[in-house]
Structures are given as structure tokens and as C-alpha cells.
Amino acid sequence: MKTDIEIAKEAQLKDIDEICKDLGIDDYEKYGNYKAKLPLAYAGKMKKDSKLILVTATNPTPSGEGKTTLNIGLSMALNKIGKKAISVLREPSMGPSFGRKGGAAGGGYSQVLPMDEINLHFTGDFHAITSAVNLVAAILDNHIYQGNEKRIDPKRIVWRRCVDLNDRALRNVVIGLGNRTDGVSREDKFDITVATEMMAVLCLATSIEDFREKVSKMIVAYDYDNNPVTVDDIKATGSVAVVMKEALKPNLVQTIEHTPALIHGGPFANIAHGCNSLLATKTGLGIADYVVTEAGFGADLGAEKFNDIKCRLGGLTPSASVIVTSIRSLKYHAGVDFENLKEENLEKLELGFKNLKIHIENMRKFGKNIIVAINKFDTDTDKEIELVKKMTEKLGVKAVETSVFTDGGAGGKELAQNLVELCENDNDFNYLYDLDQGVKEKIETIAKEIYRAKGVVYSKKCEKDIKKIEDLGYQNLPICVAKTPYSLSDDGNINITEDDYDITIREIRINAGAGFLVAYTGNILTMPGLPKAANAYKIDLDENNEVVGLF
1 MKTDIEIAKE AQLKDIDEIC KDLGIDDYEK YGNYKAKLPL AYAGKMKKDS
51 KLILVTATNP TPSGEGKTTL NIGLSMALNK IGKKAISVLR EPSMGPSFGR
101 KGGAAGGGYS QVLPMDEINL HFTGDFHAIT SAVNLVAAIL DNHIYQGNEK
151 RIDPKRIVWR RCVDLNDRAL RNVVIGLGNR TDGVSREDKF DITVATEMMA
201 VLCLATSIED FREKVSKMIV AYDYDNNPVT VDDIKATGSV AVVMKEALKP
251 NLVQTIEHTP ALIHGGPFAN IAHGCNSLLA TKTGLGIADY VVTEAGFGAD
301 LGAEKFNDIK CRLGGLTPSA SVIVTSIRSL KYHAGVDFEN LKEENLEKLE
351 LGFKNLKIHI ENMRKFGKNI IVAINKFDTD TDKEIELVKK MTEKLGVKAV
401 ETSVFTDGGA GGKELAQNLV ELCENDNDFN YLYDLDQGVK EKIETIAKEI
451 YRAKGVVYSK KCEKDIKKIE DLGYQNLPIC VAKTPYSLSD DGNINITEDD
501 YDITIREIRI NAGAGFLVAY TGNILTMPGL PKAANAYKID LDENNEVVGL
551 F
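Heads up, the sequence shown is in the UniProt record's numbering, so the first residue is 1 and it goes up one at a time.
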């Protein structure tokens, strides 16, 4: 089969004017022939009867689950059966595009296009976020240099600079070296852009006014009396709003079959809340009848945060959830070596099914409308597919075989038809915890109910963080857990057969602007590094100035 980029280059795209006309949109800003930004006004026109579909997955493995590919394929399939559907996705970060993981524009015959532009600079949203974060950092350091009116303690600065690339050398740096006029010397750190609170604020804002309000509350440092110092305190709110003005507008593109797609915002789910912007989701709910969205990584990370953070803060009610899995990935979860995944192994498949079973049980804690999508590979046998369907059926959930990677929307029609029927039922949507529960109680609820941990261990620093949170009055915020995506636990090496483990919380940071607390587990890094065999080594331009080597 051809590579993703070869398939993408052969696709015949419609001018974005045609896509907008089909949607009944007459107010938009073109970015070339195939991209557009939509005004924020559309986000305030949600239709009461529009259906919001969450696509989530089992824990990711090297064999792939195809969550984004399924999202795109499902939206195309819904259109094929006569529904007005739109795909709503996160923007890819350039970090993984040049690193190991790759992009996030789907694959095969289920892609959003133009995929090379979407995976790289796109409309410049991430550059705007990067500039806004570094602008605050520059104003903060200048404030200290120019007399430090707010009595900021340089040892207690929590604001970090950022860049949208994997660069391990920037995890810990020293700035302000040189002459006295070069600034105050201090230690600093960089995050990857998608891990910043600015990204979270972009994704959780509901208007430009709400964005400004959230930005103004973001904590940059603490003074010598332990009081928080905010973006507003250092007079940076207005400048940030100006830099971010265009980036707030959702981006409209199309799938390989011309289904409209909104791509906007892109926090990682392992270190952030993992969902596209509220503005894009609400815009979708205003212009389509079925909105197919996703949440990063497995349901333990992305789906939990989608429900407990995004839906809670944005007032959204999903109609159904699709859990994507594959035969290969379930066998991998049971300990089958990657090179042996092509071989039929019903015993290991049954053991690996436990991962899917846990995710089904977890998603039932949020709502009852659940369907499983089996992302079919050529090496899957009929016996393996039937076994997964049978085991899923015993749990009262239907599993549907899909082939959107090879067949596009046609490969998801059965799933789409079953999903439409499912959405006719009330979802009985719930949150996992109440906001007025204590910080520890909320963390322990997530750890035990979702991660299936025996208990939670708090570091000494974390205990101090919780006291500070309570003293400052932030204890009623929702929790965003930063942990490995590769296991239900905080250790990516823990196999599904191991049940007796604790979750360790090493620190908690306050995202006062975004409106949640980030609890860090294990060795989660907010600035990834490039692997030895990075994708960057394969990407180039050919003799026609076309991108090659991009997946």
C-alpha cells in the first residue's frame, strides 16, 4: 500500500470555498486554497439536537490503534449514510512529527488534508502560542530587571519558556548570563508548546473575553511573602490577547473524501488535558448534526480528561463514546512480541482483552452509550475478530469491525449506522467526581476508579503543594493527571496482569488560568527529546519542492 503522504498527494481537494458553501458558512478567512479560519461567533450557535461523539481507545502500543484515523473515517462514513457530520481534531505538534510518534492527521484513505501542512506550520496557531508564552517570560524577566515592583522571588518563578520541538537540551537552562544589562541570572526551564498552560487556556476558552480573563489569572511566580503573581500583575494580558487574536479562531480543512474537519488546539494527553479546543467543538455543534471528536491516548488519560475537564468546564454533554482497539494491540498488551503479532494467538488475545474490558468498564462510569470499533489489519483472522466480538458482547457492548484505513468512509458504514441508533438513547452522562471533594480525594478517585491502583503515594513536595493549593483557595479545581499513556498505571512497563500497584504523585502545579490542577506522576517530561532514529532524518523536499518522507 502507498504511504500516507503519497495517498495525500494524489487526492483531489476541493477549494475551501466549496466546503464552506456546503456547510452554509459565508463568513470565513481563507488561508490559501484549502484552509480557512472561522469567526468565533459560530461557537455560540450550538444546535440543541446535535450529537457529540467521543472517539477514544485502549492504551497505545507500537502496533497502533488508529484512533485519529477512525475519527476521520467515522465522520466520512456518517456522511455516506446521509448524515451531516464533521470531524473535530487536535492540531499536531511538530515535536512528534520530527521525533518518533509521527503526525496526527490520520492515515491511509482516512486522512485530513493537506496533511503535510497540517502536520507542520498549518495556520501558525502553535507559533502564536509559543510567542505568547515567551512574551510573558520576557515581560516577567524585564519586570525583575527594571526594579521588581511586585517583589518577585527569582527562586519561585513557575512560568517557563517553550518551543514546539523536541529539544532535551532546553529542559534545564541558565539565562541572564553576561553583563548586568543582560538581565538577572537565574535557572529556567523550557516546555514543549503543547504542554503549556497557554495551550490549555486556548483550548478551554469560550470567547475572546473569556480567553483574556483566563490569561489574566495565570500564575507566573510567587513573591517573597508567598503570594501568587499573575500575568495581569506584570501587565502582560493585553499583549498576549493581541498575539493570540487570530489563533483563537478554529481552522477548517477537509478529509480525503471532502468531509469538513475542524482542527484547533493540541494539548498532549499525557502531560496536559488532551482535547481540541472548546471553540472548535462548539463550532462543530453549530454547523453539523454529528460532531466526531477525540481525546488523546487511551481512555484512561484522554477520555477521563475530556469528560471531567473539557465537558465540565465547557458545558458539553457527549451522546456516545467509541472505543477503538485492534487485535494486534490486544495481543501486545498480553505480552506478545511485536514481530509475532501477525500470528493467530487466541489465548493471548483473550488475556489482552482485559485492557479493553477495563476501558469499557471505565467509560460506563461516564455514560452508557458505548460501542467498540475493531480497527482491522490484514493479518487479523476471522477467529480472532469473532472472539473479541463475543467477549465484548458478554459485557453488553457491541463491537464492530472497521477498515477505514484501507477503504475510507465505506469501511466505517456499519459502525456509523450502529452509532446513529445508539445516539437515539439518552447517554446518562456523569462526571467521575465532584469538584467540592478534597484534592487527595479527587486524585484517589481517578487512581482507583480509572487506573485501578491499590492506593496513592504522595511525595513530600506534593504534600507541600496540596497545602499551598488549599491556602490559596484552588482546592475546588478539577484534576489533570500527567502520566504514561502506555499503561493504566504510572509505570509504562507494568503489564495488565499486574494489579497490585500504587500511583505516586510527585508534584502538583496550579493552572489557575486554565482552571485545573496538574498532578505529575512518575518521570513525566514536559520537554521530550529526539530519538536516535528521528523522523527528522527522513523528511525532505524533492525536485518539485514537494515534501517527502513525512509518514
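C-beta: ideal position from N, C-alpha, C; glycine also. In this text the structure is predicted, and so the values were computed from the model without any measurement.
query                                                                                                                      : result
Host alpha helix (DSSP H) of D188 (start-end)                                                                              : Taken as a continuous stretch (DSSP letters only), D188 belongs to no alpha helix (DSSP H), being part of the beta strand (DSSP E) at R186 to D188.
Alpha-carbon spacing of M94 relative to V548, whole angstroms                                                              : 16 Å
Member of V184, N166 and R180 whose CA lies at the smallest distance from the CA of V174                                   : V184
Meets three-Cβ-pair contact criterion under 8 Å: the segment 410-424 and the segment 359-373                               : yes
Sequence-distant residues of its chain with Cβ nearer than 7 Å to G106 (five each side left out)                           : T68, T69, I72 and V112
Beta-carbon contacts of L165 that lie in its chain and below 8 Å, excluding the five residues immediately before and after : M94, G95, F98 and I192
Close Cβ partners of A514 (< 6 Å) along its chain, the five nearest in sequence each way excluded                          : E197, A200, V201 and L204
Collapsed DSSP secondary structure at P250 in the structure displayed                                                      : coil
Spatially closest choice to E187 from K483, N535, V158 and D300, by CA coordinates                                         : V158
Proximity of M363 and A447 at Cβ, strictly below 8 Å                                                                       : no
Separation of D116 from I256, as counted between CA atoms                                                                  : 13 Å
Reduced DSSP category for P96 - H, G, I as helix; E, B as strand; rest coil                                                : helix
Nearest to D434 (by Cα), restricted to the options L530, V324, F366 and I539                                               : F366
Simplified DSSP assignment, three categories, for G82                                                                      : coil
For L316: DSSP bridge partner residues                                                                                     : The partner list for L316 (beta bridge, DSSP) is empty, contrary to what the question assumes.
Span separating the alpha-carbon of A41 from that of V242                                                                  : 18 Å
Sequence ranges, alpha helix (DSSP H) only - wholly within the segment 194-277, length at least 4                          : 197-204, 208-217 and 237-244
contact_flag[the segment 475-490, the segment 515-525] where n(CB pairs < 8 Å) is 3 or more                                : yes
Beta-ladder partner(s) of A519, from DSSP                                                                                  : V481 and I508
CB contact flag (A85, V292, <8 Å)                                                                                          : yes
Bounding residues of the alpha helix (DSSP H) (the contiguous stretch that carries V420)                                   : K413 to L422
Residues of its chain near P260, where Cβ-Cβ distance is below 7 Å and the 5 sequence neighbours each way are ignored      : I19, L23, I86, L252 and Q254
At least 3 beta-carbon pairs within less than 8 Å: the segment 380-396 vs the segment 49-61                                : no
Touching by the beta-carbon criterion (3+ pairs, under 8 Å), the segment 395-413 and the segment 331-340                   : no
Neighbourhood of D382 by C-beta, 7 Å cutoff - its chain only, sequence neighbours within 5 removed                         : none
Helix, strand or coil at S459 according to DSSP, with G and I counted as helix                                             : coil
Bridge-paired residues (DSSP) for S110                                                                                     : G107
Selected residue, minimal CA-CA separation from G66, among V136, G296 and K245                                             : G296
Residues of its chain near F126, where Cβ-Cβ distance is below 6 Å and the 5 sequence neighbours each way are ignored      : D164 and T193
CA-to-CA distance, G455 to T402, given in whole angstroms                                                                  : 38 Å
I81 versus A410, E449, S489 and G32, residue with shortest Cα-Cα distance                                                  : A410
Pairwise C-alpha distance: L279 and I25                                                                                    : 16 Å
Reference S489; option with closest CA among V229, V457, R168 and G473                                                     : V457
Euclidean distance between Cα positions of E449 and F211                                                                   : 33 Å
From A247, D300, N270 and I144, residue whose alpha carbon lies closest to that of S277                                    : A247
Sequence-distant residues of the same chain with beta carbon closer than 7 Å to C462, five excluded per side               : I505, R506, E507 and I508
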